[in-house]
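Residue numbers (the working numbering), protein chains in the order written: chain A, 2 to 486; chain B, 31 to 202. All residues carry an ideal CB built from backbone N, CA and C; glycine is no exception.
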């Protein structure tokens with residue numbers, strides 16, 4: 002068969018994926034600022050009324066998840082475009098839908114008072130206790146739907162181009178290599194990852210769209226209702242798959258960029274293909290670990306949730322993490338700021354998975370679920386994982402060729418970000434182990450001991466991230482900057 | 031439980047950090063990396079087998095007996111809990127020591143989280159309170175005292191104010 006690769010495609014003057022990364026970087030800064038505000042409020046440093054606190058919490062949650070999605074898919078689009086022909090018009094359409102959705106979401110939150118958290122757990126959007134009106138909930142949900150449709154379009158374009166280039170998604174997933182030990186040609190890691198993410202995130206988005214649509218219909222048509230347990234399953238399936246997809250898309254940057262430093266190309270091996278096939282299955286099947294305290298769930302589903310929580314960590318550690326370490330060790334790589342952030346991204350992701358799978362044990366979950374343990378682990382694999390990978394990609398795309406190592410200011414920025422990220426997330430874990438609930442606008446005086454350092458560490462993260470953005474911006478906006486690397 | 035979970039997690043995080051620091055300290059070119067060729071394959075195989083074995087032990091140890099088991103029969107004290115924005119309604123709040131108590135938990139509006147904290151503020155157990163469904167959770171109190179019920183599932187504007195108290199007596 003013929004495989005069309007696009008190693009040196011003509012890059013338009015304004016590449017939409019680069020714009021997506023710049024926008025994403027900017028929104029990350031705003032969201033980190035909101036995160037600091039919440040911690041400062043809980044610590045008693047900044048007075049926030051509960052209504053405003055919960056609005057900010059909703060904006061912070063949906064903003065971070067949406068921006069992780071935006072930046073993740075921008076990374077995927079940028080690097081997949083080196084291997085298959087992608088129609089940039091689809092990404093422009095996505096950006097248009099994304100921004101339109103953001104306007105509705107922000108309007109719903111800050112003008113309409115919508116504050117049902119990013120998870121919009123049914124039937125809270127419709128039953129606010131008189132805090133926001135049903136029409137505001139519809140506005141927010143329509144905004145969410147627009148964003149979701151945008152992501153769906155991009156994934157459908159990825160699926161189309163992968164099928165066209167590789168003769169089917171199974172070949173793009175390297176299943177002939179996995180099952181028969183041979184495939185010619187072998188798809189590069191970016192193609193394998195993009196194929197897997199495209200499949201599971203499309204399914205996740207379809208479930209998300211369905212539950213959003215029903216939630217809207219329930220508000221507009223009083224006769225329509227949904228079983229709350231079914232809705233919860235659908236929402237957590239969508240939410241779990243989507244947030245994991247953001248990391249699995251961002252790691253493509255590691256596959257593409259780290260070899261430039263190590264001189265060792267990242268290869269698709271049988272074990273690599275097998276790991277991605279396991280991820281494809283596990284990332285969808287593991288979602289019941291969000292419902293471990295719903296005892297009406299079938300017991301087998303909860304067992305699956307617990308066992309696969311642990312199982313999901315295995316391909317990450319045994320293939321991606323170990324793979325990165327082996328590609329780097331004694332390679333002579335000279336890491337600069339972008340490469341350091343990419344390596345940090347894999348380290349933070351791996352570290353964050355540890356408290357996550359432990360929380361997936363039903364007996365542990367009984368005393369950790371919905372405490373600050375939960376934001377502890379997901380902030381770890383986002384701030385020090387996905388988001389670090391995105392900063393690394395932004396800085397790498399913005400810089401000139403060649404590694405100059407870590408300059409003094411680079412070390413400072415990296416230290417601020419690392420110390421802030423580690424301090425905030427470990428502080429969350431300690432607070433969770435001390436039974437401090439999550440998503441509380443008002444904290445007991447006994448809990449403030451956890452909030453004060455958290456606010457300080459959040460500031461350190463923000464300072465480091467601002468430095469990354471300022472450093473990357475000129476290169477990202479410069480016409481004719483490094484495009485294909 | 032919480033201290034053990036924290037300790038195990040911190041150890042695992044430290045192990046990950048240690049592996050990265052060790053590799054980043056060994057970036058200089060060298061002929062014999064323990065993370066290459068057959069040695070890498072053997073290490074990966076050990077990790078996979080080791081992870082499988084550890085996973086099996088953890089699964090058996092934590093799933094048997096079933097963590098959500100609810101005792102039945104005489105001597106079990108039932109408590110019916112109904113959550114609504116933003117209050118807890120319990121059909122009894124005085125409970126005995128040393129006797130299994132089963133909480134039947136539901137909601138009349140949105141999802142809430144029924145979390146019971148001991149007098150020192152330590153979360154003992156929780157379950158979800160969901161409209162249209164009844165989740166059951168069992169607990170045997172071993173110490174008398176005043177226990178707090180807090181909401182652990184975000185439920186709107188007064189989520190943080192949704193509290194109740196349980197008075198656990200000194201005799202069974």
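Establish whether the CB of residue i and some CB of chain B are separated by less than 9 Å.
| i | result |
| --- | --- |
| residue 1 of chain A | No answer is possible for residue 1 of chain A: the residues shown for chain A start at 2 and end at 486. |
| residue 292 of chain A | yes |
| residue 335 of chain A | yes |
| residue 233 of chain A | yes |
| residue 55 of chain A | yes |
| residue 355 of chain A | yes |
| residue 19 of chain A | no |
| residue 359 of chain A | yes |
| residue 312 of chain A | yes |
| residue 370 of chain A | yes |
Does chain A have any CB closer than 9 Å to the CB of residue i?
| i | result |
| --- | --- |
| residue 68 of chain B | no |
| residue 110 of chain B | no |
| residue 113 of chain B | no |
| residue 32 of chain B | yes |
| residue 72 of chain B | no |
| residue 125 of chain B | no |
| residue 96 of chain B | yes |
| residue 59 of chain B | yes |
Span of the beta strand (DSSP E) holding residue i?
| i | result |
| --- | --- |
| residue 163 of chain B | Unbroken run through residue 163 of chain B: none, as it is neither H nor E. |
| residue 145 of chain B | 142 to 147 |
| residue 137 of chain B | 130 to 137 |
For residue i, which three-state DSSP category applies?
| i | result |
| --- | --- |
| residue 92 of chain A | helix |
| residue 115 of chain B | coil |
| residue 364 of chain A | helix |
| residue 171 of chain B | coil |
| residue 109 of chain B | strand |
| residue 44 of chain A | coil |
| residue 123 of chain B | coil |
| residue 44 of chain B | helix |
| residue 438 of chain A | strand |
| residue 194 of chain B | strand |
| residue 387 of chain A | helix |
| residue 187 of chain A | coil |
| residue 372 of chain A | strand |
| residue 75 of chain B | helix |
| residue 86 of chain B | helix |
In terms of residue numbering, what span does the alpha helix (DSSP H) encompassing residue i cover?
| i | result |
| --- | --- |
| residue 338 of chain A | 338 to 360 |
| residue 178 of chain B | Premise fails: residue 178 of chain B lies in the beta strand (DSSP E), 175 to 181, not in any alpha helix (DSSP H). |
| residue 31 of chain B | Taken as a continuous stretch (DSSP letters only), residue 31 of chain B belongs to no alpha helix (DSSP H), as it is neither H nor E. |
| residue 56 of chain A | 51 to 81 |
| residue 309 of chain A | 300 to 316 |
| residue 295 of chain A | From DSSP, residue 295 of chain A is part of no alpha helix (DSSP H); its letter is neither H nor E. |
| residue 277 of chain A | 271 to 286 |
| residue 66 of chain B | Residue 66 of chain B -> no alpha helix (DSSP H), and no H or E assigned at all. |
| residue 261 of chain A | 229 to 263 |
| residue 219 of chain A | 190 to 221 |
| residue 452 of chain A | 449 to 478 |
Could you say which of the options lies nearest to residue i if we only look at CA atoms?
| i | options | result |
| --- | --- | --- |
| residue 475 of chain A | A:432, A:445, A:398, A:457 | A:398 |
| residue 326 of chain A | B:35, B:133, B:42, B:52 | B:52 |
| residue 199 of chain A | A:185, A:161, A:348, A:212 | A:161 |
| residue 237 of chain B | A:349, A:380, A:309 | Coverage of chain B is limited to positions 31 through 202, which leaves residue 237 of chain B absent and any answer about it impossible. |
| residue 231 of chain A | B:141, B:91, B:170 | B:141 |
| residue 458 of chain A | A:37, A:30, A:24 | A:37 |
| residue 235 of chain A | A:116, A:205, A:431, A:150 | A:205 |
| residue 441 of chain A | B:189, B:111, B:162 | B:189 |
| residue 393 of chain A | A:423, A:337, A:372 | A:337 |
| residue 202 of chain A | A:366, A:391, A:444, A:281 | A:281 |
| residue 97 of chain B | A:365, A:80, A:124 | A:365 |
| residue 128 of chain B | B:77, B:169, B:136, B:34 | B:169 |
| residue 183 of chain B | B:143, B:46, B:82, B:198 | B:143 |
| residue 247 of chain A | A:43, A:219, A:73, A:434 | A:73 |
| residue 120 of chain A | A:386, A:315, A:212 | A:212 |
Find the residues of chain C that neighbour residue i, judging by a C-beta separation of less than 8 Å, and give them in chain order.
| i | result |
| --- | --- |
| residue 286 of chain A | Judged by its chain identifiers, the structure shown contains no chain C, and its protein chains are A and B. |
Give, in chain order, every residue of the segment 35 to 53 of chain A whose Cβ lies closer than 7 Å to some Cβ of chain B.
51, 52
- Message: So if I threshold CB-CB distances at 8 Å, which residues from the segment 130 to 164 of chain B count as touching chain A?
- Response: 139, 140, 141, 143, 145, 147, 151, 152, 153, 154, 155, 156, 157, 158, 160, 161, 162, 163, 164
In the segment 126 to 160 of chain A, which residues sit with their C-beta less than 8 Å from some C-beta in chain B, listed in chain order?
Correct list: 128, 129, 130, 132.
Output needed in chain order: residues of the segment 314 to 331 of chain A with a Cβ under 7 Å from some Cβ in chain B. 315, 318, 319, 323, 326, 327, 329, 330, 331
Chain A contacts made by the segment 172 to 202 of chain B, where a contact means CB separation under 9 Å
Residues passing the 9 Å Cβ filter: 180, 181, 182, 183, 184, 185, 186, 187, 188, 189, 190, 191.
Listed in chain order, which residues of the segment 206 to 230 of chain A have Cβ atoms closer than 8 Å to some Cβ of chain B? 228, 229, 230
ask   = Closer than 7 Å, Cβ to any Cβ of chain A: which residues of the segment 76 to 93 of chain B, in chain order?
value = 77, 78, 81, 85, 88, 89, 92, 93
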